[in-house]
Structures are given as C-alpha cells and as structure tokens.
Amino acid sequence: MDGYNIFLALLAVYIIGLVTVGWYFNKKQKSITDFWLAGRKVGPGALGFSAAASWLTAGGILAVIGYFILQGMGSIWAFVAPNIVALLVIAVLVGKIKNLPAITQPELLEQRYGSSVRWPVALIITVVMILFAVADVTGLSLVLQVFYGLDPLYAAAIVAIAVSLYVTLGGLSAVVWTDVIQFSFLSLFTIAMAFAAVGTVADGGLNTPAISSSELFGSLPDVWWNPLSIGLPMVLIFCLAIIPGWITEQDPWQKVWAARDAKSARTGMIIGSLMITIVFSACAVIAIALSSIYPEIPQIGFPAGMAQAEPALLAFVSERFASAPLIVAISAIGLAAASMSCADTFATSGASCISRDIYQRYIKPDATMKEMLIVNRVSVLIIVLAATAGSFIIPNIIDAIHIATFIASASYFFPLMGGLYWKRATKEGAFAGMVIGFIVQVALVVLDLVKTPPLAPSYLETIHPVLMSHGVIVGMSLSAIAFFGVSLMTKPSSRVNLAPFFEEEAEELARYETGEINEADPSYSAFLKNVNEKVAGERTHLQLNLRTSGTLSWHELVEKLKSSSPAWVTPTGLDSVYRLTHGDMLACVAVTRGSGEQDIWLKAEPKIETVGRQRKELFTAYEELKKVLDQKGVKLDFY
Numbered sequence: 004m005d006g007y008n009i010f011l012a013l014l015a016v017y018i019i020g021l022v023t024v025g026w027y028f029n030k031k032q033k034s035i036t037d038f039w040l041a042g043r044k045v046g047p048g049a050l051g052f053s054a055a056a057s058w059l060t061a062g063g064i065l066a067v068i069g070y071f072i073l074q075g076m077g078s079i080w081a082f083v084a085p086n087i088v089a090l091l092v093i094a095v096l097v098g099k100i101k102n103l104p105a106i107t108q109p110e111l112l113e114q115r116y117g118s119s120v121r122w123p124v125a126l127i128i129t130v131v132m133i134l135f136a137v138a139d140v141t142g143l144s145l146v147l148q149v150f151y152g153l154d155p156l157y158a159a160a161i162v163a164i165a166v167s168l169y170v171t172l173g174g175l176s177a178v179v180w181t182d183v184i185q186f187s188f189l190s191l192f193t194i195a196m197a198f199a200a201v202g203t204v205a206d207g208g209l210n211t212p213a214i215s216s217s218e219l220f221g222s223l224p225d226v227w228w229n230p231l232s233i234g235l236p237m238v239l240i241f242c243l244a245i246i247p248g249w250i251t252e253q254d255p256w257q258k259v260w261a262a263r264d265a266k267s268a269r270t271g272m273i274i275g276s277l278m279i280t281i282v283f284s285a286c287a288v289i290a291i292a293l294s295s296i297y298p299e300i301p302q303i304g305f306p307a308g309m310a311q312a313e314p315a316l317l318a319f320v321s322e323r324f325a326s327a328p329l330i331v332a333i334s335a336i337g338l339a340a341a342s343m344s345c346a347d348t349f350a351t352s353g354a355s356c357i358s359r360d361i362y363q364r365y366i367k368p369d370a371t372m373k374e375m376l377i378v379n380r381v382s383v384l385i386i387v388l389a390a391t392a393g394s395f396i397i398p399n400i401i402d403a404i405h406i407a408t409f410i411a412s413a414s415y416f417f418p419l420m421g422g423l424y425w426k427r428a429t430k431e432g433a434f435a436g437m438v439i440g441f442i443v444q445v446a447l448v449v450l451d452l453v454k455t456p457p458l459a460p461s462y463l464e465t466i467h468p469v470l471m472s473h474g475v476i477v478g479m480s481l482s483a484i485a486f487f488g489v490s491l492m493t494k495p496s497s498r499v500n501l502a503p504f505f506e507e508e509a510e511e512l513a514r515y516e517t518g519e520i521n522e523a524d525p526s527y528s529a530f531l532k533n534v535n536e537k538v539a540g541e542r543t544h545l546q547l548n549l550r551t552s553g554t555l556s557w558h559e560l561v562e563k564l565k566s567s568s569p570a571w572v573t574p575t576g577l578d579s580v581y582r583l584t585h586g587d588m589l590a591c592v593a594v595t596r597g598s599g600e601q602d603i604w605l606k607a608e609p610k611i612e613t614v615g616r617q618r619k620e621l622f623t624a625y626e627e628l629k630k631v632l633d634q635k636g637v638k639l640d641f642y
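Using our numbering, the first residue of the sequence shown is number 4, and each one after it goes up by one.
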C-alpha cells in the first residue's frame, strides 16, 4: 500500500471515530442548551483541552514555526503570546460572563441593548468565524499539497464532511470531546517532531553537519532569544490589535457558558493556556532545529522568507521520513486534527449566529428544535464552503487569522465589554461603534491588501508605524469614539436591558413574587414527577416538557403571557419569554419552543441552594401558561 492510500485509510478510521463521538452525544440531547452549550456540564479538563485545540490550527502551527525561524522570540507577539494571554484574561472575566443567560454573543448584546444590535453583530461574528476557518482550510491544503500533491479542494472536502457530520450530530458536546482527542493527537505529534528534528541535527541527517543539542541551542544569537527584539512600540501595537479581539471572541465565551460552574470555567481556561504554551514551546524547538537543517531560509529574512519558512516542517517530514510512509500519513492526520479542531469550533460558533440569531430571531421565531437543527446543519456547511472560497483569496495563513481578529477588535470589543461594565452604554452607542468600526476596518484591510506589493511590507505600515496590522488601532479608536460619544448623547438603557448584567437593577425590577403553593396539592406532586432535574456544578437544571392538544400561534402565546403578568418579559425577542422574578436571570423560568410543532419547554437553572424556591416558580409559570392556553381551548400534557 502506498503512502497516499495509507493516509486515506487512517483518515477514514479517524473520521469514523469522530462521527461516533457525535452520534454518542446525539442520543443525550434533550434541549437547546444540550446542543449549543453541552448541557452546561463540561468539566475543567475537557474545557482546557477544547480551549487549547480551538486556537491551534494546522496553519497556525506552521506559521508560528516559520515566524520562529525568521524572527526568533520577537515573533511571539504576532500570535503566540496573544493566544496565551487572551485565555488567561478570559479566566479573569469568568465571574462576569458565566451567569449571563445567553447562548450566543448576539443574544447577549440584544439583552443588553435591544434588538437593533443583534443582527449586525451576528453578521460580523459570522464573517469573523469564516475568516478564522480560512486559516484551517489553507493550512490543511498546504499539508496535503506538500505531502501528496492534492488540490486544495480536497482539504475543504475533508473539513466540510468530517466537521459537518460530527458537529451536527453532537453539537458542542461533540466539539469539546473531539477536541480532547484532536489536541492529544496534535500535541503528541508536535512534541514528537521536536525530538525528531533535534535528533536529525544531532545525527547529522539530511546532509547537515552533526552537532550536539547544547551546541544547537547555544549557537543562536542573543537577539533570537530577546522577546522585545521587534521593539516595545511594536509589541504594544500587536497586543492592542490582537488581544481585545481574542478575549471577546464568541467561541471561548460559549465554552465558559458550557462549563459546569465558574470554577471549572476558570480552571479550564488556565489549563488551556498552559497546554498552548507547551505546544508553542515545541514549535520553537522545531524552528531552531529546522534553521540548522535549512540555513538558507533564515537568511532570506522576513517577510519574504515566510513562503519557505511556513512549509519547512512539511518539507522536513517528507525528506526525513521518505522511506516511512506510515509516519508521513500519521503526520498528515496530526495536522488534519489541528485543522478540524479549530474548524469545528468556528463552524459551530458561526452557525449558531446564522441559525439562532438570524433565522430564529428574525425569520421564524416559532421554529422548533427539529427545524433549528436542520438550519444549523446547513449553516455549518455555509461556513465551511465560504471559508474554502476565502482560502483562494487570502492564501496567507496568519494574515487570515489577523484580519478576522482586527475586524472583531474594531467592531464589537467596546460595545461588548462596555455593555458588561458600563451602565451608561446605550443601544445607539453600541450600534454606532459596531457599524463604524466594521466599515472602517474592512476598508483599511481591503486598501492594505490591494496596495501592498508581493513579499513587501504592508502599504499602511509604510505610511506610519501606527497603521501596522491593517490600521486596526485607527479602526478601534473610531469605534470607541462612536460608542462612548453616542452613548453619552442618547437616552440610558431600560432596566429590563440592564437587569441581566447588573444585579441591583434586576432586584429593582423583580417585584413579582411567586404565590403561596401547597406542597401537598396533588397537582403540584404530579407536576414535580414530570420535572427533569439535573445537577451540574453549582446549579440545578430544571426542565419541564409539555405538549399542547392542538397547534398554536407562538407569537400570540407570548403576547398573552406578557399581558397576563408584568413578570413575563422578552429581552431577546419572541423565541424565548422569561418570568423575571429575581436578580439571577439564569435562574428565572424561560419558555421556548420544543422539538415539535406542539411542544413547549419550560426551563430554569437556579443555584443549588435556591432550587426549592425555583421548583415552585416553575410550577407558577406552568399554571400561568396553562391558564393562557385554556382561554384558547388548548390543553397541556406532560411528556
């Protein structure tokens, strides 16, 4: 069997394994929270693996090695350090993020500002996720082209088929647990290649003079080890340009929401940053060895040398293991794992915006869970196909990642973080900041790409250093001016919008108490027997599945609930209606469509110490819902 067929056989086995994981979790899904947030019960270990895997694409690893070859430790600010720092910053923000009652960031921003901001940020995040996925497709294309001479479309097909299968089957649970598998594979591959590359130099392989490991590392000039070799101003610009976009990226926030509790989320992010550090350290070792094996590459310099530095690891594997096709095939699978572990996250995150924040919010608010899953599957394919098209337009791997990051930083960093911590932020300010930041940043990126000659420094950077990184500092500055300026000139947000983010506002708003309930009442006892109750970390998940005797108008039902009691509110549109009775919005009862046309789901996620009160609150919500439906001659049954 030749090397290509060995690769295909291993790939088939690998994909079958991933799909099996998706199938396993498909059987465990009982709610929207199960599909999009893994039932909010992911532990710190799995979360750490997934957080690390989601930010380690095959293209990113190849590019990082290339940067290390050409610029040494001074290159860490372009990709390595922001990855590590961003996860640590998210770990600090967990306390504020974890208890917000949202599944996506656009939904979160609608809760904070109102409906006018949800669709633009959903579109922006979708674009950003597509651009991130471009790097995955481009990286895998490079791997398959160097190893087997395959057309880039094959890489897209592999990512599209594998990711769409296991993601649409198992949702975020499948993403998290396949990430555990894929990061394990990727990290072992990277560490093994570090040993192989250093061993080749020590043995004098590939026509290189044999030198010891100590001589290899000692031969590097001092400037190679200096992380500030690019200059402090450049370091600050990279940090300001990249880190804000990564700490507000939707996919790690969704994993924080998926964690079983705040401690698990915080620990998971810290574990993820440590795991990334280990892999990037192995990349640095690989780069040092490759600089000795291919001394002509560092002599070319940056940026012209990246064309040879990025695929240097692939060239090494092809030459060093030319007589061992199994090792080449395993290497290809390892890098394919890196691509899929990122692509699944970006496809899931982008698809959730298309399906939940655009389709369900604006096109069909009464969509059932079954319909949403179909839309989500189609959305995953849209993300992957768009990324494939983008890979032919933006062939530079790191540039695709940076462009996505800069658009995110300029568009919604200030509206998102300002909304969490500044009460005076308004929907008009958020909308202005997002739109201006997005338009300006996209225009600067297009101008820079069009005006920059091949293998030359970027056009904007030649005008002034502050315009490096596609002028993102300008984009962010204009977004900030618009956000803060317009917010101060417009009417403050309503208490309903402030309640999920500022507990004192929620306590002021929540004056509707649950009525007295006799626990010996047979109807209450029958109700409790049908409540699905699961403990996950510091919270208990309560869910009641109901089925109506006939079809119903979801819009009419929601409006009648809201008119029946001022406790019922719709801060994120008609797809979900909350019974706001106290400051913890995540614990408040929410009513949503179920899996079928006649299904209704009631759910609440109270802290364990308040679960007794919330059972009664759930019963009160059930009674009010039943009363509204009785008026229409529609009966409710448990199922």
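Just so you know, even glycine gets a beta-carbon here, dropped at the ideal spot from N, CA and C.
These numbers come from a predicted model, not from an experiment.
Please report the distance separating the alpha-carbon of V442 from that of W256. According to the sequence as given, residue 442 is Ile; it is not Val. So the two alpha carbons sit approximately 25 Å from each other.
Taking the straight line between their C-alpha atoms, what separation do you get for S294 and A318? 13 Å
Let's test the definition: count the other Cβ atoms within 10 Å of the Cβ of H473 and tell me whether it reaches 16, buried, or not, exposed. buried
State buried or exposed for H558, treating a residue as buried only when at least 16 other CB atoms are found within 10 Å of its CB. exposed
Simplified DSSP assignment, three categories, for T543: strand
Cβ neighbours of Y297 in the same chain (closer than 7 Å, five flanking residues each side left out): A315
Classify G304 as buried or exposed, calling it buried when 16 or more other Cβ atoms lie within 10 Å of its own Cβ. exposed
In chain order, what are the residue ranges of uninterrupted alpha helix (DSSP H) at least 4 long that sit wholly in the stretch 230-318? 235-250, 253-261, 265-296, 299-303 and 309-312
Leaving out five residues before and five after I361 in sequence, what residues of the same chain have Cβ atoms less than 6 Å from its Cβ? A125
Would you kindly report the start and end of the unbroken alpha helix (DSSP H) that includes S579? First-last for S579: S579 to R582, but that is the beta strand (DSSP E), not the alpha helix (DSSP H).
7 Å CB neighbourhood of N229 in its chain, flanking five on each side removed: M76 and G77
C-beta contact flag for V475 and S414 at 7 Å: no
Can you tell me whether V594 is buried or exposed? The criterion is at least 16 other CB atoms within 10 Å of its CB, across all chains shown. buried
Do you know how far the Cα of K532 is from the Cα of K31? 20 Å
I need the DSSP call for N210, collapsed to helix, strand or coil. coil
If you draw a straight line from the alpha carbon of M375 to that of A459, how long is it in whole angstroms? 46 Å
What's the C-alpha gap between A199 and I291? 12 Å
Tell me whether the stretch 181-195 and the stretch 325-341 touch, counting them as touching only if at least three CB pairs, one residue from each stretch, are closer than 8 Å. yes
Sequence-distant residues of the same chain with beta carbon closer than 6 Å to K537, five excluded per side: H544
So what does DSSP say about W58, is it helix, strand or coil? coil
Should the stretch 83-101 be called in touch with the stretch 266-273, which here means at least 3 C-beta pairs below 8 Å? yes
Three-state secondary structure (DSSP) at G20? helix
Close Cβ partners of L549 (< 6 Å) along its chain, the five nearest in sequence each way excluded: I603 and L639
Pair within 7 Å by beta-carbon distance, V499 and G553: no
Which of the three DSSP states is assigned to F641 in this structure? strand
Rounded to whole angstroms, what's the CA-CA distance from W260 to A268? Just pull it up for me. 8 Å
Segment contact flag, the stretch 158-165 with the stretch 372-390, C-beta cutoff 8 Å, min 3 pairs: yes
Segment limits, beta strand (DSSP E) that includes D602: D602 to A607
Straight-line CA distance for A325 to A332? 11 Å
Going by beta carbon distance, what residues of the same chain come within less than 8 Å of A539, once the five residues before and after it are set aside? G42, R43, K44, R263 and D264
Is the distance from the Cβ of G436 to the Cβ of S482 below 7 Å? yes
Own chain partners of S321 with C-beta closer than 8 Å, once the 5 adjacent residues on each side are dropped: V149, F150 and V331
Relative to the alpha-carbon of L143, which residue among I289, V438 and C345 has its alpha-carbon at the smallest distance? C345
Kindly indicate which residue of V170, L384 and T181 has the alpha-carbon position closest to the one of A663. Nothing can be reported for residue 663, as the shown portion of the chain is limited to 4 through 642.
With 16 other Cβ atoms within 10 Å as the buried cut-off, status of V24: buried
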